[in-house]
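K.L.:
Residues 175 to 296 (our numbering) make up the sequence shown, in order.
Backbone N, C-alpha and C fix where the C-beta goes; we use that ideal spot for every residue, glycine too.
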Amino acid sequence: MRSVWTFSALALLALAGCFPTDLTGTKPDGGKITLMFYPGGSKLDDLVILAGQNHFGKGQYQIDDPLADVGFRLQDGTRIQAECTLTGKDMMGDPECKEYTVYRSTFPPIPEGTRFPRPEMF
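1) Let me make sure I understand the geometry here. Which of Q236, I237, L221 and D238 has the alpha-carbon closest to that of F230?
2) With a threshold of 8 Å on Cβ separation, who are the neighbours of D268 within its own chain once the five nearest residues in sequence on each side are excluded?
3) Across the stretch 269-287 and the stretch 247-256, are there enough close Cβ pairs to call them in contact, namely three or more that are closer than 8 Å?
4) Figure out for me which residue from N228, G233 and T195 has the closest Cα to the Cα of G215.
5) Could you tell me which residues DSSP puts in a beta bridge with L209?
6) For a quick check, are the C-beta atoms of T195 and M210 less than 9 Å apart?
7) Hey, how far is the Cα of T261 from the Cα of E270?
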């Protein structure tokens with residue numbers, strides 16, 4: 175019985191770090207798009223879940239530039255790229271991007287012109 179509790183506790187701790195970033199954007203036609211992003215790390219691909227389908231690939235962003243373009247390249251080579259189109263200040267007064275607009279997309283579910291607000295951590 176003790177090993178079942180130990181296993182359950184370890185499984186719960188392992189899954190506790192798997193919180194997605196939820197993103198809700200607005201397509202050019204006014205429709206909403208909701209997805210979840212899970213960072214994979216150095217050994218695993220990142221994961222985007224959109225409309226119940228898993229899409230593996232790699233997020234592309236610069237950690238040292240809060241206003242830089244962001245993107246996602248799927249395993250099949252399709253990609254989405256977005257630029258910062260609305261800037262603001264973070265709680266420390268440093269610049270940060272408040273909204274991204276997709277300017278290039280070969281992934282039909284996320285067309286060019288789709289806007290996403292800056293993801294919130296929690």
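P.N.:
Put simply:
1) Along the sequence shown, read from residue 1 onward, the residue named residue 230 stands at position 56. Closest in C-alpha terms to F230, from the list Q236, I237, L221 and D238, comes L221.
2) Residue mapping note: residue 268 aligns to position 94 of the sequence shown, counting from 1. P240, listed in sequence order.
3) Short answer: they touch.
4) Translated into positions along the sequence shown, residue 215 becomes position 41. That would be G233, whose Cα lies nearest to the Cα of G215.
5) Counting from one through the sequence shown, the residue named residue 209 turns up at place 35. According to DSSP, which records beta bridges pairwise, L209 is partnered with L197 and L224.
6) Looking up residue 195 in the sequence shown gives position 21. Looking up residue 210 in the sequence shown gives position 36. T195 is a Cβ neighbour of M210, given a cutoff of 9 Å.
7) On the sequence shown, position 87 is the one that residue 261 refers to. On the sequence shown, position 96 is the one that residue 270 refers to. About 6 Å.
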